[in-house]
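In our numbering, the protein residues as written are 14 to 109. Each residue gets a CB set at the ideal place from its N, CA and C atoms; glycine is no exception.
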């Protein structure tokens with residue numbers, strides 16, 4: 014049985030997930046400072062997908078701490094075809 018998540022922080026003090034499950038809206042607060050992993054293992058991304066009867070659009074925006082990624086795909090369901098474009102960017106972070 015799947016579990017509907019409640020409101021609160023996404024990660025506990027040790028950097029682990031507080032709760033696993035699903036939600037129909039944003040219910041968990043994400044704070045990058047709560048992560049306890051090595052910076053090169055940090056992977057953050059957003060994925061958006063909008064579908065209609067004849068067309069669809071999918072967008073991925075990712076920050077892998079050392080590399081950025083942007084991907085866009087346009088789907089044409091009438092012709093069973095798609096167009097996809099991707100771009101990579103080097104990310105430079107400065108720590109004070």
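> If we count the other Cβ atoms within 10 Å of its Cβ and call it buried at 16 or more, is residue 88 buried or exposed?
Replying inline: buried
> Can the beta-carbon of residue 69 be found less than 8 Å from the beta-carbon of residue 75?
Replying inline: no
> Start and end of the beta strand (DSSP E) containing residue 73?
Replying inline: Bounds of the beta strand (DSSP E) holding residue 73 are 68–76.
>> Using the three-state DSSP reduction, which class does residue 109 fall into: helix, strand or coil?
In response: The predicted model places residue 109 with a pLDDT of 49, which falls under 50 and marks its position as unreliable; any figure quoted below should be read in that light. Residue 109 falls in the coil class under three-state DSSP.
> Tell me which same chain residues have a C-beta within less than 6 Å of the C-beta of residue 57, skipping the five on either side of it?
Replying inline: 76
>> Is there a Cβ of chain E sitting closer than 8 Å to that of residue 77, yes or no?
In response: No chain E appears in the structure shown, which is made up of a single protein chain.
>> Pop quiz: residue 43 and residue 64 are said to be a contact at Cβ under 8 Å. What is the actual Cβ separation, rounded to whole angstroms?
In response: About 26 Å; that fails the 8 Å criterion.
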